[in-house]
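Numbering (the working numbering), first residue to last: 221 to 446. Idealized CB from N, CA, C, for every residue including glycine. Before any comments, here is the structure.
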């Protein structure tokens, strides 16, 4: 239900009033998460611009952002055993706001992570390094849960954002793997195990290519700063 549809509800029962109140709280919270994303994105763009001026290249290829869909938020809270409330969303979910940072080289990933960690107004809550410790399906990425203060009219509020930092190759694989693996009924189709093995093989091929490009960059860097 959209915000406009919520506004059109008849206010003729306590249930309607309660629903409207909860919906307003939810939309306000989503607005706060969007603001947190803008804060993070601005910081990343500044760091990328600074690095570009000093080193004549951009470590960040592109940035994508997203807000988790309401049904996904609801399902995740249900699986965790919590009611769908704004308080529970803020308390128990760290990935409502997401920022994907796609880099050129593997060492750019760790450099960006270090620069984010050094920001005095960012608090790092959690780090999961799926590059050094990939998932069993071949997924590789560097995940950070960070908390950043966002300033509103009534004061500042700490908001959590999930960062996923990866190379172009890792992002290409993760995007296509998600599209293929989550097609309806794919797990029941003949040859599913073979498909999973092929996806795993392709993930290994991509990390080999990433490592090779990193070695070439390092070799060139011995003689000339890229």
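Here residue 299 is exposed: its Cβ has fewer than 16 other Cβ atoms, across all protein chains shown, within 10 Å.
Taken through DSSP and simplified to helix, strand or coil, residue 441 comes out as helix. Comparing C-alpha distances from residue 282 to each of 429, 350, 324 shows the shortest one belongs to 324. In the three-state reduction of the DSSP assignment, residue 262 falls in the helix class. Distance from residue 328 to residue 369 at the Cβ level is roughly 26 Å; contact not present, criterion being Cβ atoms closer than 8 Å. The beta carbon of residue 295 sits closer than 7 Å to no other beta carbon from its chain once the five residues preceding and following it are set aside. Three or more beta-carbon pairs drawn from the stretch 356 to 366 and the stretch 381 to 401 are found closer than 8 Å, and the two stretches are therefore classed as touching.
Counted as a single uninterrupted DSSP element, the beta strand (DSSP E) harbouring residue 317 occupies residues 317 to 323. Judged by pairs of C-beta atoms under 8 Å, the stretch 412 to 424 does not touch the stretch 369 to 385, as fewer than three such pairs exist. Just so you know, the alpha carbons of residue 290 and residue 251 end up roughly 13 Å apart. Using a Cβ distance threshold of 8 Å, residue 365 and residue 314 count as a contacting pair.
Every alpha helix (DSSP H) of 4 residues or more that sits fully in the stretch 346 to 412 is shown, in chain order, as 388 to 401.
Distance check between residue 423 and each of 400, 441, 346, 389 places 389 closest, using alpha-carbon atoms only. Assigned with DSSP and collapsed to three states, residue 305 falls in coil, not helix or strand. Under the 10 Å beta carbon count, residue 347 is surrounded by fewer than 16 other beta carbons and is classified as exposed. Take the alpha-carbon of residue 440 and the one of residue 400: they are about 37 Å apart. The beta carbon of residue 285 lies closer than 6 Å to those of 257, 319 in the same chain, with the five residues before and after it left out.
Relative to residue 350, the option among 344, 268, 292, 383 whose CA is nearest is 383. About 15 Å separates the beta carbon of residue 277 from that of residue 322, a gap too long to meet the 8 Å contact definition.
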